[in-house]
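Here the structure comes first, spelled out in structure tokens, and everything after it is commentary.
Protein chains in written order, with our numbering: chain A, 1 to 615; chain B, 616 to 837.
Structure representation (structure tokens):
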């Protein structure tokens, strides 16, 4: 029986068989004999999550534009399917051609979130690929990219290459170099050495790590004679407007998380929020022009049939000509019944006109992220918004007919006090009063305010990389403090989570190579889909740390001295450690740094040719 | 003007639910570039309907979708445009242009033809029961409905039933009041044979209605 038939036989017995089906409109099919390089792109989470991810769509398109390569998608099978696959000896397979993953040349994996790391081990195991690189004599090279690639050290023994920064060009280079390597008939290790010369590519096995007596890193140095660079600079696409972008998107059958056209209007962010890793590692800011965006939107609407375009970026309100873009989009697409939506609204940009534009077609829920409850703490994190900004935004929105507002906050930010946390409830109360200040006949009925408070995780490559994560008990106590305060407010919902996942996330975010054993142990004990609350097993994680001699507090809650060498210091994310340290010092003084469009803040990006041009 | 499109559902896509297929077609018709008629109201959607819902896991070569157009279009252009907007596993077989007074396919359907393939050790014993079942005058079965259970004459719902080497072909009633699904029939035959229902692949071959003379015809020809 063919592998495809054996897969089919399982589908009647699993939840959501559509996840494993493939055959979607615009999925790329090629003749396997007509290509030289077969690339499996693994998103280590479910189909619904992975298919909502823009980066995967861009790289799928970029690789498949090469006549000699075929990129196929792979997602983590949900636990029910994974168990059946093991029972029946069915290997992890690609969606397009249902080819076993171990038969591919390259296996690209995106690292979106630390809590998907065990899914990578699970995927390798399901594919029949030995977990540890040194145990692999053949099979695909494992290449990881994405935001977590800037500290990939906990994954170091499992991967061959790490791709830092923008993937559009460097991914193609890894494929080209693979072709050269294959044509030359060289041994397996030779590919790693060749790839180490590609801008943005880090080869962990070519580096030695030494440690101090206190357990901190002494140095990470290239192995003598390896030719690997001392510091690996990230890959950067200087001209985003000219960069490859899909004009066709796969249209899934079932519902996925974000089922719409995603149009990336710019990359990077100039705000400099100190907690935000994306705001640091995706610098500099690069915009697509309005004509390019209009052309892409036209093609995408025609090729997908979607009725919604989401204007994506880290902070879409900051697009330099947003009113003009929104106006043109609405004008072009209203007759075709295509809605225009703006995610990640900022509070301090002028929303009203854009809101009016988008409202013409559809009223989306207003989501705002003040992040902290008091001005002092917002200054610490450099959020750069004031209470007045927030009140103006929500009053405008309520006046325009919105009645649902979601407010996002974090608990456990550096220097936070009980007063800061109670400030969240105070702010929610003021938002509520804004709604009631609008005359009844003008406002939409049914006020809904949702306050979400996540637990802050200090991340590598941010000014808060020196900060300890707030201890577990204090987080729980402050969550309850806030819950009680918010329960006094009618029409306000409070969403929060146990801090256990955030704690494990914090361990891995600033982890080193010594965590690899703990990760593998946790996976062997059954940890997978750790980002899913119904699968997450805190007890197993603690047991794995204990059995492998790892003190998780060393990574999560330990304050780090300013001169500490970090496990990721040899990976250059664009902004310099000196800049991050300056920002950390300013944070402790609650001092703001203005948006760098108002003047260069010396983050280090200008070291990259073509970055920050004209600024 | 309306376009009646007959399409198939290949094995690869048999797990798309009817609801997901409806959503899929809302986007697919947008891709056709045809002048699609939209409903009025706050959230307009394309005006279209299906001949009959296909259960999850079944395949078909006779699914019919009825799409309302806001301007006249040629049959061939319409057929080509829909074909281009669908993946190869939803093949388009034919298109027919009808005017707005034409009855909805859903209202025309009286019966459906199926081919059923059975696998497993119990399959031959189930197939063996077919002549005995067809020889019955009446077969009382319990049908679950929204308001509870009611007794039906299952034999009367089975218009034709012929054994095949690895399954059977069947013509079954498919109206709102009288209907029988192939998996129910497999259940009944298995019950008669005293075995657990074997694994089945169900494939719809045709949807049938009656013409003005009361003769059975595939609904695309009515």
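Virtual Cβ for every residue (Gly too), placed ideally from N, Cα, C. Being a predicted model, the structure only gives us computed values, none of them experimental.
Quick one: which chain A residues come within Cβ less than 8 Å of residue i?
| i | result |
| --- | --- |
| residue 729 of chain B | Those within 8 Å of residue 729 of chain B in chain A number zero; the least Cβ separation is about 18 Å. |
| residue 704 of chain B | 23 |
| residue 581 of chain B | One cannot answer for residue 581 of chain B here, as it falls past the ends of chain B, which runs 616 to 837. |
For residue i, count neighbouring Cβ atoms within 10 angstroms of its own Cβ and tell me buried if that reaches 16, exposed if not.
| i | result |
| --- | --- |
| residue 186 of chain A | exposed |
| residue 361 of chain A | With a pLDDT of only 42 at residue 361 of chain A, under 50, the local geometry of the prediction cannot be trusted, and the value read off the model is given with reservation. Under this definition residue 361 of chain A is a buried residue. |
| residue 790 of chain B | exposed |
| residue 50 of chain A | buried |
| residue 307 of chain A | buried |
| residue 653 of chain B | exposed |
| residue 46 of chain A | buried |
| residue 487 of chain A | exposed |
| residue 412 of chain A | buried |
| residue 589 of chain A | exposed |
Measuring only between beta-carbons, confirm whether residue i sits less than 8 Å from chain A.
| i | result |
| --- | --- |
| residue 643 of chain B | yes |
| residue 631 of chain B | yes |
| residue 635 of chain B | yes |
| residue 672 of chain B | yes |
| residue 622 of chain B | no |
Taking only beta-carbon positions, decide if residue i is within less than 8 Å of chain B.
| i | result |
| --- | --- |
| residue 415 of chain A | no |
| residue 316 of chain A | no |
| residue 302 of chain A | yes |
| residue 332 of chain A | no |
| residue 625 of chain A | This structure does not reach residue 625 of chain A, given that chain A is present from 1 up to 615, and the question cannot be answered. |
| residue 443 of chain A | no |
| residue 337 of chain A | yes |
| residue 101 of chain A | no |
| residue 18 of chain A | yes |
Which class does residue i belong to by DSSP, given the choice of helix, strand or coil?
| i | result |
| --- | --- |
| residue 3 of chain A | helix |
| residue 625 of chain A | No information on residue 625 of chain A is available, as it lies outside the stretch 1 to 615 that chain A covers here. |
| residue 57 of chain A | helix |
| residue 617 of chain B | strand |
| residue 77 of chain A | coil |
| residue 494 of chain A | strand |
| residue 266 of chain A | strand |
| residue 404 of chain A | strand |
| residue 313 of chain A | coil |
| residue 775 of chain B | strand |
| residue 167 of chain A | helix |
| residue 701 of chain B | coil |
| residue 693 of chain B | helix |
| residue 100 of chain A | strand |
| residue 667 of chain B | coil |
| residue 194 of chain A | helix |
| residue 662 of chain A | This structure gives no information on residue 662 of chain A, because the portion of chain A shown stretches from 1 to 615. |
| residue 745 of chain B | helix |
| residue 795 of chain B | coil |
| residue 633 of chain B | helix |
In chain B, which residues lie less than 7 Å from residue i when you measure between Cβ atoms?
| i | result |
| --- | --- |
| residue 11 of chain A | 630 |
| residue 555 of chain A | In chain order: nothing, as chain B lies at least about 43 Å away. |
| residue 254 of chain A | 635 |
So which residues of chain A does residue i contact, with C-beta pairs closer than 9 Å?
| i | result |
| --- | --- |
| residue 692 of chain B | Ordered by position in chain A, no residue passes the 9 Å Cβ test against residue 692 of chain B, which lies about 17 Å from the chain. |
| residue 627 of chain B | 4, 8, 21, 22, 23 |
For the beta strand (DSSP E) that contains residue i, what are its first and last residues?
| i | result |
| --- | --- |
| residue 273 of chain A | Neither: residue 273 of chain A is in no beta strand (DSSP E) and is coded neither H nor E. |
| residue 763 of chain B | 763-768 |
| residue 434 of chain A | Unbroken run through residue 434 of chain A is the alpha helix (DSSP H), 418-437; no beta strand (DSSP E). |
| residue 369 of chain A | 366-371 |
| residue 395 of chain A | Counting along the chain, residue 395 of chain A falls outside any beta strand (DSSP E), though it belongs to the alpha helix (DSSP H) covering 387-399. |
| residue 680 of chain B | 674-683 |
| residue 783 of chain B | 782-788 |
Since residue i is in the alpha helix (DSSP H), which residue starts that stretch and which ends it?
| i | result |
| --- | --- |
| residue 302 of chain A | 290-304 |
| residue 120 of chain A | 117-127 |
| residue 543 of chain A | 538-547 |
| residue 258 of chain A | Residue 258 of chain A -> no alpha helix (DSSP H), and no H or E assigned at all. |
| residue 501 of chain A | 500-509 |
| residue 333 of chain A | 322-333 |
Taking C-beta pairs closer than 9 Å, name the residues in chain B that residue i reaches, listed in chain order.
| i | result |
| --- | --- |
| residue 298 of chain A | Per Cβ cutoff of 9 Å: no residues; residue 298 of chain A is ~12 Å from chain B at best. |
What residues of chain B sit near residue i, judged by a beta carbon separation below 8 Å?
| i | result |
| --- | --- |
| residue 306 of chain A | 642, 645 |
Please tell me whether residue i has its Cβ less than 8 Å away from any Cβ of chain E.
| i | result |
| --- | --- |
| residue 246 of chain A | Chain labels in this structure do not include chain E; the protein chains are A and B. |
List, in order along the chain, the chain A residues whose C-beta lies closer than 7 Å to that of residue i?
| i | result |
| --- | --- |
| residue 708 of chain B | Near residue 708 of chain B there are no residues of chain A at all, since even the closest Cβ is about 18 Å away, more than 7 Å. |
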